[in-house]
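Student:
Residue numbers (the UniProt record's numbering): 1 to 148.
#1: Taking residue 90 and residue 58 to be in contact with their CB atoms under 8 Å, please state how far apart those CB atoms are, rounded to whole angstroms.
#2: Counting only the same chain and skipping the five closest in sequence on each side, list residues whose C-beta sits under 7 Å from that of residue 30.
#3: Just confirm the distance between the C-beta atoms of residue 56 and residue 86, as a whole number of angstroms; I'd bet it's less than 8 Å.
#4: If you follow the beta strand (DSSP E) that residue 36 is part of, which residue opens it and which one closes it?
#5: Using three-state DSSP, classify residue 20 as helix, strand or coil.
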């Protein structure tokens, strides 16, 4: 599903695995050049960036298992600050126990996705993700795309 030509989206990715970040960057770029993927290798750098940002990201991809604050702890932090509850948060993990999946949704995750095992699957996942979040869903005005 092509994006409207005058709209741009900012996606924040928090993942301590730099190889996953590189693959995701390529997958998002393959989908559209209207999406800017901003990468963070830890939760602390994400939170510092959010606290100084003038606009919120259109979407946050958050790895569940990271050193320092894990995905659930970041979700909890976001939910303690009303401004950040508008950000759609997708938990992105290589593996999750059923209980962890339940905890993610209970903590306010918008969705939970298991990392793909190959690049073709990853591209299909990113295409579905972008089609849904940037095509089918009406985003809150604070995270809605902007013209450049």
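Backbone N, C-alpha and C define an ideal beta-carbon position, used for all residues, glycine too.
Small disclaimer: the values here were computed from a predicted structure and weren't measured.
Tutor: According to the data block:
#1: Going by Cβ atoms, the distance from residue 90 to residue 58 rounds to 11 Å, so no, they are not a contact pair.
#2: 123
#3: The C-beta distance from residue 56 to residue 86 rounds to 6 Å, short enough to meet the 8 Å contact threshold.
#4: Per DSSP, residue 36 belongs to the beta strand (DSSP E) from 35-40.
#5: helix
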